[in-house]
Amino acid sequence: MPNLRRLMSEFGFESNDDYEYQMRCFLNAPGRTLRCLNIEGDLQRRKTAFANALAGALEYAHVLYHDFSQSEPPVEPEPDEEQAPLSAFDRVVSEACAYSEAESTILIIDQLQLADFRHHIRLNTFVRTAQWSYPLATLTANSRNFLLFLISEEPLYHSLQKVSFRLWADPGAVKVAYKPEEFGLEPAAAPVFAALADLFEALQVTPTPSEMQRVTDDLIGRAHTADYLRHSIYGWTEGVDHAALFSDRLQPLIEAVLGAAGAYLGVDEIEMVGDDDS
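In this text, residue positions in the sequence shown follow the working numbering: the first is 1105, and each later residue adds one.
Written out as structure tokens, the structure is:
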């Protein structure tokens, strides 16, 4: 699955992890159950972005989505109907089953923790049997064509997790190993990147390449005070804790970045203190 990271970035999800190994495990696992991916992570809607970008990168013919956080008004049956109309959830699963008969289909179910627990049990049965049942009908998904993505802010129902492959969609809090040359700067800027790596490690975030590009552009071009640097980092980098970034605890690391940038730029002095209210 070459260039998965690049393909996912084209669909709005940028990461330092290529996820290719995880996806090989998921897509090539033997068994008779439907392939079910449990997308975990700390940054909430980042998981949604991951699911949609992965679906786009895999180029499946149909991508269907259901969000349990979206309220659904009650629907009354028509006078000549004996059964109540299908819920939005039943409709989307039914449509996904129908599409999968002939074409590749991904169904994304978001905010599953808000669903009635009976739906968790139904999903477990669905993954194990490939059959989705509701009054008067039972539909079958084609396991060769069908992928199910689950997103929940709480751990999945145990039995459902046992038939799912878990994937962590957030970047790890690791030290950044970027090089100046990757961002159009001279090798002499290496101390700047080392100081930024220490700062990001303390913040427990890993900037993506585009985030790092924007931060370094600001640092070299305009972020010549402590607060300006903080505002740039917070403005461009997903997952940064504002209180931690503006805390006195990180002031030495902020000063180290500004000092390294000043040495690289040949600036005699860069203001190390905050210039305005945060």
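For glycine and all other residues, C-beta sits at the position ideal for the given N, C-alpha and C.
Check	Outcome
Cβ shell of Ser1173 (< 8 Å), same chain only, five flanking positions each side left out	Asp1214, Gln1215 and Leu1218
Neighbourhood of Met1112 by C-beta, 8 Å cutoff - its chain only, sequence neighbours within 5 removed	Glu1118, Ser1119, Tyr1123, Phe1154, Ala1157, Leu1158, Gly1160 and Ala1161
Beta-carbon proximity list for Ser1208, same chain, < 6 Å, skipping 5 on both sides	Tyr1164, Ala1165 and Asn1249
Three-state secondary structure (DSSP) of Ser1113	helix
Neighbour-count burial assignment, Asn1132, 16 or more Cβ in a 10 Å radius	exposed
Residues sharing a beta bridge with Tyr1169, DSSP	Ile1212
Rounded separation between Asp1302 and Glu1315 - CA only	16 Å
Supposed close pair Leu1168, Leu1211 - CB separation, criterion 8 Å	5 Å
Host beta strand (DSSP E) of Ala1241 (start-end)	Ala1241 to Thr1244
Endpoints, beta strand (DSSP E) assigned at Phe1269	Phe1269 to Trp1272
DSSP three-state assignment for Asn1107, whether helix, strand or coil	coil
Reference Ala1241, options Ala1330, Arg1270 and Val1197, closest by Cα	Val1197
For Tyr1123, the three-state DSSP class (helix, strand or coil)	coil
Own chain residues within Cβ distance below 6 Å of Ser1336, not counting five before or after	Val1319, Asp1322 and Ala1327
Assigned secondary structure, Asn1142 (DSSP; H/G/I helix, E/B strand, else coil)	strand
Residue(s) in a DSSP beta bridge with Tyr1238	Ala1241
Alpha carbon of Gln1317 to alpha carbon of Glu1176, nearest angstrom	42 Å
Cβ pair Leu1307, Val1231 closer than 8 Å	no
Host alpha helix (DSSP H) of Leu1362 (start-end)	Gln1355 to Leu1369
Where the beta strand (DSSP E) through Leu1254 begins and ends	Phe1250 to Ile1255
CB of Leu1271 within 8 Å of CB of Gln1148, strictly	no
Sub-8 Å separation of Leu1227 and Ala1202 beta-carbons	no
Residue closest to Asp1352, alpha-carbon to alpha-carbon, out of Phe1193, Trp1236, Arg1334 and Phe1287	Arg1334
Proximity winner among Pro1313, Lys1151 and Leu1190, relative to Pro1239 (alpha-carbon distances)	Leu1190
Inter-residue spacing [alpha-carbon to alpha-carbon] between Ile1225 and Arg1195	17 Å
Per-residue burial, Pro1311 [other beta carbons within 10 Å of its own, 16 or more giving buried]	buried
Member of Leu1108, Ala1234 and Ala1364 whose CA lies at the smallest distance from the CA of Pro1295	Ala1364
For Ala1348 and Glu1386, the rounded distance between their alpha carbons	In this structure the chain extends from 1105 to 1382, so residue 1386 is not present and cannot be described.
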